[in-house]
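Undergrad:
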Amino acid sequence: MSFDLSVWALEHGATPEDVRTAVDGCRQGRHVDRYPDPRVVSFYRAITASYPDRHPGPNSPWAVAPLHAAHDHVELNLHPTCADQVLLDIERLAGEHGLMLFDPQDGSVYPPPARLPG
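Letter by letter, the sequence shown follows residues -16 to 101 of my numbering.
1. Just to confirm before moving on: does the CB-CB distance between Pro15 and His56 stay below 8 Å?
2. How would you label Gly90, buried or exposed, when you count the other beta carbons within 10 angstroms and need 16 or more for buried?
3. Alpha carbon to alpha carbon, what distance is there between Tyr27 and Leu70?
4. With DSSP as the reference, label Leu50 as helix, strand or coil.
5. Mapping the DSSP letters down to three states, classify Asp36 as helix, strand or coil.
6. Just reading off the beta strand (DSSP E) that Leu59 is part of, what are its end residues?
7. Would the beta-carbon of Pro41 be found less than 7 Å away from any heavy atom of the ligand FAD?
8. Give me, in chain order, the residues of the same chain whose beta-carbon lies closer than 7 Å to that of Trp(-9); leave out the 5 immediate sequence neighbours on both sides.
9. Given a cut-off of 8 Å, decide if His62 and Ala46 are closer than it, judged by their beta-carbon atoms.
10. Determine the DSSP secondary structure at Asp72, reduced to helix, strand or coil.
11. For Arg22, does the count of other Cβ atoms within 10 angstroms reach 16, so buried, or fall short, so exposed?
12. Relative to the C-alpha of Tyr93, which residue among Pro(-1), Pro35, Cys65, Tyr34 is closest?
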């Protein structure tokens, strides 16, 4: 069993419901063939620089590797026993790259800190 998260690059002003709609489309195999969003590419490079997903070592946080990366999202399947720091890094990097974080365990969507009402 894994603990899953995904990060999404949607248009400015996207709502949590927009993220859930995108997730549902992905699950149903509806994917748009287009160039990867630079935010997704930057996030993927940053998270895999700290936690490699190609030939991961014995202490890898990834339950499934390599990570599923599409033009608008990255799916992260984590071992349930992974260090809390991994989750903090995912959250921080999602915020730094302007990505919305989706938690499929309960359907929660977390906008990047810059998008939170202040």
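All residues carry an ideal CB built from backbone N, CA and C; glycine is no exception.
TA: Result, derived from the coordinates:
1. Inspection of the sequence shows that residue 15 is occupied by Val rather than by Pro. Result no, Cβ atoms of Val15 and His56 do not sit closer than 8 Å.
2. With fewer than 16 Cβ atoms within 10 Å of its Cβ, Gly90 is classed as exposed.
3. Per the coordinates, the alpha-carbon of Leu70 lies some 14 Å from the alpha-carbon of Tyr27.
4. Here Leu50 carries a coil assignment [DSSP, helix/strand/coil].
5. Here Asp36 sits in coil by DSSP.
6. In the DSSP assignment, Leu59 falls within the unbroken beta strand (DSSP E) covering 56 to 61.
7. For the ligand FAD, the structure offers nothing, since it holds no ligand at all.
8. Non-local C-beta neighbours of Trp(-9) in its own chain, meaning closer than 7 Å and more than five positions away in sequence, comprise Val2, Ala5, Asp55, His56, Leu82, Met83, Phe85, ordered along the chain.
9. Cβ distance < 8 Å, so Ala46 and His62 count as in contact.
10. Judged by DSSP in its simplified three-state form, Asp72 adopts helix.
11. Arg22 should be labelled buried.
12. Tyr93 has its Cα closest to that of Pro(-1), out of Pro(-1), Pro35, Cys65, Tyr34.
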